[in-house]
Each structure stands twice: as C-alpha cells, then as structure tokens.
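A.B. asks: Below is the structure I would like to discuss, written out as structure tokens.
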C-alpha cells in the first residue's frame, strides 16, 4: 500500500471521529439542528402530556421508525453487493486498471477499499437498528405517560424532558448512521486516487457542517 493510501485512511478516520466529537460538543452551547430539535422535542412531549388522544404522537414515532428501517434494509443490500464485489476483487482490479491505469493499485488495495466500505455500512446498520429500538422505547414512554391533568407543572416538565432525551438519543444514533452513509460516498473516490479521497472527505465534512450549523432549515426551526 502506497504512503498516500495510508495517509488517506488516517485522514478519513481522523476527520470522521473529529467531526463527530466536535459537533456533539458544539451542540451544547451553539445553535444547531441537534440543539434546536431537542427543545422542540421537549415542547412536543409537553403537548403530548396534555392530550387525551395520543395516537398522533405514536404515529409520528412510527413514521420515523419506518424511514430509518428503509436505511437499515438498504445498508444490508449494499453490504450484500460489497461482499460480492470483494469475492470478485481480481476482476474489479483488472477492470479498474483498464479504465484508470494509475489509480488501480492492485488487487490487495482494491480489497482494502471494499473492506473499508463494508466496515462503514456495518457500522451504519448497527446505528440505524439501534435508533429504531430507541424510537420504540419512546413509543412506550408516550403510551405509559400519565394524564397531564394528574401532574403538577414540575412533574410534567421532568417527564417531558426525560422522554425528549430518549427521542434525542434516538436522533443522534440515526444521525451517526446517516453521517457514515455520507462519508461512504467520499470513500468511493478512493478508487480514483488517495488524494481525491482526502479532498472528498473534507468536502463531505463541510457539507455536514453547513447543514447542521448554518442551513436555511435551521433558521426556519429557530424562528418557529
């Protein structure tokens, strides 16, 4: 494996882990999608406590679960394709050597690139399925919530905050999985060149940063 390929792998994981830590810490004291949605979830749970009919609340959670299940099932299908590609790495290497002679790097390097993609989608699958389970826990909390009229204001606030925290954790887990899918697109550029891979990783991180901290939808949520 060439030195640029080694540097690219280290660069990729450093940016992935570094941005994850950065985004989580900055969300504590900076306006972003995560912090704004957390306050909206707390308000949602307060409204839920004072509703007699909570079917709409459960339906919202169920809809979110179905959307995440799509990503989970898609991850499995992609993994199946990647495993097939791994078994045919020699043919893939030969094909790439004809299309991009300077970018192939040999069969072993092709296998390594495919293994990285497999790792990413295995990670994404575990995140998506754990997120689904956590939204299931949130459904239980909504179903088990006592009537708001039987609780004082402090009790309502405590229950809403705790239920909102469960949904917030489910959101973060889904976000980790979705972020890994975005980064898998950057990984595809490694089949072209390691330096292109490094640049693509930076571009994906910048897109994620812009959407989480400076997007138009964030401004709209803030103004609601």
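Residue numbers (our numbering): 2 to 225. Just so it is clear, CB atoms sit at the ideal spot from N, CA and C, and this is done for glycine as well.
Does the beta-carbon of residue 218, which I'm using as the reference point, lie nearer than 8 angstroms to any heavy atom of the ligand MG?
C.D. replies: The model depicted lacks the ligand MG and carries no ligand whatsoever.
A.B. asks: Looking only at its own chain, which residues have a Cβ that is under 6 angstroms from the Cβ of residue 124, when we skip the five neighbours before and after it?
C.D. replies: 181.
A.B. asks: Let me check understanding here. Comparing Cα to Cα, which of 174, 85, 12 lies closest to residue 130?
C.D. replies: Nearest option by C-alpha distance: 174.
A.B. asks: Between the beta-carbon of residue 168 and the beta-carbon of residue 46, is there less than 9 angstroms?
C.D. replies: Yes. Within cutoff.
A.B. asks: So, for residue 5: in the same chain, excluding its five sequence neighbours on each side, which residues have a beta-carbon less than 7 angstroms away from its beta-carbon?
C.D. replies: So the qualifying residues of the chain are 195, 196.
A.B. asks: Check whether the stretch 56-76 touches the stretch 133-148, taking contact to mean three or more Cβ pairs, one atom from each stretch, closer than 8 angstroms.
C.D. replies: Yes, the stretch 56-76 touches the stretch 133-148.
A.B. asks: If I follow the unbroken alpha helix (DSSP H) through residue 85, where does it start and stop?
C.D. replies: Run containing residue 85: 56-88, per the alpha helix (DSSP H) assignment.
A.B. asks: How is residue 222 classed by DSSP in three states: helix, strand or coil?
C.D. replies: Helix at residue 222.
A.B. asks: Residue 52 by DSSP, collapsed to three states: which one?
C.D. replies: Reduced to three states, the DSSP call for residue 52 is coil.
A.B. asks: Could you tell me which of 51, 186, 179, 137 sits nearest to residue 152, measuring between CA atoms?
C.D. replies: Among 51, 186, 179, 137, the Cα nearest to that of residue 152 is on 51.
A.B. asks: Taking all protein chains shown into account, decide if residue 109 is buried (16 or more other Cβ within 10 angstroms of its Cβ) or exposed.
C.D. replies: So residue 109 ends up on the exposed side.
A.B. asks: Taking the alpha helix (DSSP H) that residue 199 belongs to, which residues open and close that run?
C.D. replies: 195-214 is the extent of the alpha helix (DSSP H) around residue 199.
A.B. asks: Relative to the C-alpha of residue 88, which residue among 150, 71, 113 is closest?
C.D. replies: Nearest of 150, 71, 113 to residue 88, Cα basis: 113.
A.B. asks: Considering only their Cβ atoms, is the gap separating residue 142 from residue 163 smaller than 9 angstroms?
C.D. replies: Closer than 9 angstroms, so yes.
A.B. asks: Among the residues of its own chain, which have a CB less than 8 angstroms from the CB of residue 159, if the five just before and after it don't count?
C.D. replies: There are no such residues.
A.B. asks: Among 211, 179, 191, which residue has its Cα nearest to the Cα of residue 8?
C.D. replies: Ranking 211, 179, 191 by Cα distance to residue 8 puts 191 first.
A.B. asks: Report buried or exposed for residue 42, applying the criterion of at least 16 other Cβ atoms within 10 angstroms of its Cβ.
C.D. replies: The residue in question, residue 42, is buried, as its Cβ has 16 or more Cβ neighbours within 10 Å.
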